[in-house]
Amino acid sequence: MKRTLGIISLSLTLAFSINSYSFAAANNTTEFENIQINYEKDLGHENRTKDEIVRDLVNDGLSFEDAEYYAKLDILVNQLEKRNIEVNFDNTPDYSDQYVKAHKKELRDQALNLDKKALKAVLSKNKAMNQGVKDLNNVLDLMQEKYKDNKEMENRVIEIKYADGSSLIFNTGIVKEQEKTKEVKPQSTLLGGPWNKTADIDSVNATDNDGGTYRSTTSWSYVSGASYAKVTDVLRWSFNGKSDLTLSYLSDEGASSYAGVVTVDKEYRSNHKTGYNDDWHVVQGYTDVQFKVSGSFSASFKVLGISVNAGAGWHQYAITEAVRFPTTSEGAYGVYYYAGQYY
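If you're matching positions, the sequence shown starts at 0 in numbering that gives the first Met the number 0 and goes up one per residue.
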């Protein structure tokens with residue numbers, strides 16, 4: 000199946016005011032400045048070695064250079080937590096977005112060597128997390144218009160890049176390639192769930208008169224200097240063609256990966272339900288991952304427009320819904336992909 004890559008580079012001039020990290024005053028500034036980190040021997044979260052984290056992130060699609068940076072950052076954050084060191088950046092000056100983007104590798108290296116100005120820069124330049132999903136629907140409207148006559152969008156990657164160097168990445172896919180029929184795009188999930196905020200990432204409407212077994216995948220991730228966080232859901236389902244007005248649930252599997260300031264607190268990898276929305280038969284699968292911000296950083300993280308304080312958490316969902324449309328003249332179905340949040 001051909002794969003189309005849609006990359007939207009946004010030079011956003013939207014009015015945006017990020018709370019620069021209002022780090023609480025700490026009595027252990029000297030401890031931070033004197034801490035010694037051995038990235039080859041010290042461990043990251045879940046007692047992972049640098050090589051283990053790198054392997055997992057490379058398998059997840061990151062370059063080796065990015066994977067090694069996030070692995071070391073994860074080790075640094077974990078060692079700060081173990082020593083109960085809370086970082087204070089009250090009097091630390093800022094770099095501009097332009098400087099951070101132009102000197103990415105240099106600042107990463109300096110941050111890992113505990114340069115506070117560089118560390119503040121890589122942690123605070125995170126517009127992807129702060130406003131990425133908020134921008135998603137505008138980007139999708141542009142993508143839909145640009146590719147309205149494209150029949151090869153069943154597997155798609157959308158990457159929103161920000162001026163500060165952070166990005167938000169969405170991946171969707173379905174294993175069978177079919178011709179699209181009339182476009183139907185729901186504004187929210189067809190079946191309810193534990194989330195209180197969703198954004199529709201993508202949709203596919205197709206026809207399969209013979210039926211078959213399908214694997215539909217939804218994933219989304221944040222990539223910034225502060226962290227890497229990803230959640231994926233894989234829903235397997237089937238139906239028997241145009242004479243069958245219902246879908247069958249087969250399985251739902253999920254996965255998550257992370258490194259850096261944002262960590263995984265809990266995972267609920269396999270969740271599903273079936274039901275009707277009006278006369279559409281729906282099979283839903285979702286992966287629920289609870290992320291949290293490291294307690295060593297008392298900053299406010301704005302996630303989907305809401306602030307999450309250090310040590311607090313939020314749920315991030317990758318949601319997939321397969322739909323059988325009520326017609327026996329053809330085997331019409333749809334697959335819808337969503338990013339969800341509960342805070």
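We put the beta carbon where it would ideally sit given N, CA and C, even for glycine.
Predicted, not measured: the structure shown is a model, and the values here were computed from it.
query: Selected residue, minimal CA-CA separation from E329, among F238, A101, K103, V222; result: F238
query: Cβ pair A225, S123 closer than 9 Å; result: yes
query: Own chain, CB closer than 7 Å to N208, minus 5 neighbours either side, in chain order; result: G240, K241, E329, G330
query: Residues sharing a beta bridge with D201, DSSP; result: Y336
query: Collapsed DSSP secondary structure at G330 in the structure displayed; result: coil
query: Per-residue burial, T212 [other beta carbons within 10 Å of its own, 16 or more giving buried]; result: exposed
query: Rounded straight-line distance, which links the Cα of T206 to that of S215; result: 15 Å
query: Three-state secondary structure assigned by DSSP to Y68; result: helix
query: Backbone secondary structure at F63 - three-state DSSP; result: helix
query: CA-to-CA distance, D65 to S255, given in whole angstroms; result: 17 Å
query: Three CB pairs or more closer than 8 Å across the segment 87 to 106 and the segment 216 to 223; result: no
query: Proximity below 9 Å, CB of L111 to CB of K81; result: no
query: Whole-angstrom distance between S202 and G131, CA atom to CA atom; result: Any reading at G131 is ruled out, since the residue's pLDDT is 45, under 50, leaving its predicted position unreliable.
query: For Y94, three-class secondary structure by DSSP; result: coil
query: Selection from H44, L246, A317 that minimises the alpha carbon distance to N77; result: H44
query: Where the beta strand (DSSP E) through Q35 begins and ends; result: Note, Q35: premise wrong, no beta strand (DSSP E); not H, not E.
query: Collapsed DSSP secondary structure at Y341 in the structure displayed; result: strand
query: Proximity winner among Y335, T262, F31, relative to D114 (alpha-carbon distances); result: F31
query: Extent of the continuous beta strand (DSSP E) run through A225; result: Neither: A225 is in no beta strand (DSSP E) and is coded neither H nor E.
query: Counted within 10 angstroms of its Cβ, other Cβ atoms place Q283 as buried (16 or more) or exposed; result: buried
query: Pairwise C-alpha distance: D243 and Y38; result: 57 Å
query: Rounded C-alpha distance that separates N58 from A117; result: 28 Å
query: Enclosing beta strand (DSSP E) for I52 [first to last residue]; result: Premise fails: I52 lies in the alpha helix (DSSP H), 49 to 58, not in any beta strand (DSSP E).
query: Between the CA atoms of Y332 and A105 - distance to the nearest angstrom; result: Just to set this straight, residue 105 is Glu in the shown sequence, not Ala. Cα to Cα, E105 sits roughly 50 Å from Y332.
query: Coarse secondary structure for R107, derived from DSSP in three states; result: helix
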